[in-house]
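I have placed the structure first, in the form of structure tokens, so that the comments after it can refer back to it.
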Amino acid sequence: MNSSPKLQGQAALVTGANSGIGRGVALALANDGAKVVVNYVAAPESAEEVVSEIKKNGGLAIALQGDVSREDEVKAMFELMVKEFGTIDILVANAGIQKDCNFEDMSLEDWNRVLDINLTGQFLCAREAVREFIRRGMVKERSCALGKIICMSSVHQEIPWGGHVNYATSKGGINMMMKSMAQELAPKKIRVNSIAPGAIETGINQKVWSTSAALDRLLTLIPYGRIGMPDDIGKLAVWLASDESDYITGTTVFIDGGMTLYPGFSTNG
Ligand SMILES: NC(=O)c1ccc[n+]([C@@H]2O[C@H](COP(=O)([O-])OP(=O)(O)OC[C@H]3O[C@@H](n4cnc5c(N)ncnc54)[C@H](O)[C@@H]3O)[C@@H](O)[C@H]2O)c1
């Protein structure tokens, strides 16, 4: 555990925390003193592995099952969290999926599933978090904000992505949801921000980094010359959740090794 933890005593919920970026964020928040709910929808053993890793490091965590796209399950998960940890201070709405398809063949089912999890899932979790922040009230000793929400977006809230129209649409929606929430909730001292990762090495995008040919192709899109790691996102999430970023709300932080710098134009297009 960090010797001067930035999130001491705060309770955090990370959705989809049993793999990839969510796992990295859960470990990082715990390493900075937060008690962490590791949400998962399937594969409880991988959620328990994250909990064990946190406990091994001297932290506190529990695993809670819940499908973020289902209102009843989200409500039940928050009720359990409040029962176990007393409240929530930090929500990282991270769970997300891709169901890739060329546009003319995309089924309504795949369109809806991606929007239901990636966008509606963030709405449902954020709404429950905000309700609990307001119910609990300010605890100045823990944080100067009433609560912090971090939405996991993507560079594809900005970069159009053919073959992934449902996914890119969900991330564009997250951007406007996040900003509108931030505007509405700032007077209540609730901060809402997004993290927009570029290519991070996780299961969701294994195709683009698991062979050296694929990785070489990917690296032509990343001026900084390396793929990102879940820990890169974890460190940013800690900072955005902490009082060190207290004056930041309604912002998307791109963390992409320069992917959004349009590297195709670096030698005159
Ligand atoms: N890996 C990248 O390059 C990258 C880039 C930009 C954005 N992201 C975003 O980061 C987030 C995490 O993705 P990842 O790369 O770690 O992939 P991942 O597949 O490892 O993680 C996604 C997680 O969401 C969970 N999940 C899926 N449906 C759920 C549901 N209905 N309820 C609860 N949990 C559910 C999965 O079980 C999994 O744990 C996603 O929102 C993704 O869009 C990833």
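My numbering applies: residue 1464 is where the sequence shown begins, and numbers increase by one. Note that CB positions come from ideal geometry on N, CA and C, so glycine has one too.
Is there at least one non-hydrogen atom of ligand 1 closer than 6 Å to the beta-carbon of Asp1552?
By 1-based counting over the sequence shown, the position of residue 1552 is 89. No; taking the cut-off as 6 Å, the Cβ of Asp1552 has no heavy atom of ligand 1 nearer than that.
Could you check the C-alpha separation between Val1499 and Phe1728 for me, to the nearest Å?
Here residue 1499 corresponds to residue number 36 of the sequence shown, with the count starting at 1. Here residue 1728 corresponds to residue number 265 of the sequence shown, with the count starting at 1. Distance between the alpha carbons of Val1499 and Phe1728 is about 42 Å.
Would you mind stating whether Ala1480 and Ala1491 have Cβ atoms separated by less than 7 Å?
Residue numbering aside, residue 1480 sits at position 17 when the sequence shown is read from its first letter. Residue numbering aside, residue 1491 sits at position 28 when the sequence shown is read from its first letter. Cβ atoms of Ala1480 and Ala1491: not closer than 7 Å.
Express the C-alpha separation of Thr1730 and Ile1517 in angstroms, rounding to a whole number.
Residue numbering aside, residue 1517 sits at position 54 when the sequence shown is read from its first letter. Residue numbering aside, residue 1730 sits at position 267 when the sequence shown is read from its first letter. Roughly 46 Å separates the two Cα atoms.
Would you give the residue range spanned by the alpha helix (DSSP H) that Val1501 belongs to?
Taking the sequence shown and counting its residues from 1, the one referred to as residue 1501 is at position 38. That residue, Val1501, is in no alpha helix (DSSP H); its beta strand (DSSP E) goes Lys1498 to Tyr1503.
In its own chain, which residues sit with a C-beta less than 7 Å from the C-beta of Arg1486, not counting the 5 before and 5 after it?
In the sequence shown, residue 1486 corresponds to position 23, counting from 1. Cβ within range, chain order: Ala1480, Val1513 and Pro1693.
To the nearest angstrom, how far is the alpha carbon of Asp1563 from that of Gly1697?
The count along the sequence shown starts at 1 and reaches residue 1563 at position 100. The count along the sequence shown starts at 1 and reaches residue 1697 at position 234. Roughly 26 Å separates the two Cα atoms.
For the candidate residues Ala1526, Pro1623, Ala1631 and Gly1661, whose alpha-carbon lies nearest to that of Val1577?
Locating residue 1577 in the sequence shown gives position 114, counting from the first residue. Ranking Ala1526, Pro1623, Ala1631 and Gly1661 by Cα distance to Val1577 puts Ala1631 first.
Check whether the Cβ of Met1540 sits closer than 6 Å to any heavy atom of ligand 1, and report yes or no.
In the sequence shown, the residue the question calls residue 1540 occupies position 77. For ligand 1, not one heavy atom lies less than 6 Å from the Cβ of Met1540.
How many angstroms separate the CA atom of Val1671 from the CA atom of Ala1526?
Here residue 1671 refers to the residue found at position 208 of the sequence shown. Here residue 1526 refers to the residue found at position 63 of the sequence shown. Taking the straight line joining both Cα atoms gives about 30 Å.
Beta strand (DSSP E) containing Ala1506: first to last residue?
Taking the first residue of the sequence shown as position 1, residue 1506 is located at position 43. That residue, Ala1506, is in no beta strand (DSSP E); it is neither H nor E in DSSP.
Looking at Ser1657 and ligand 1, is the gap between the Cβ and the nearest heavy atom below 6 Å?
As a working note, residue 1657 is residue 194 in the sequence shown. Every heavy atom of ligand 1 is 6 Å or more from the Cβ of Ser1657, so no.
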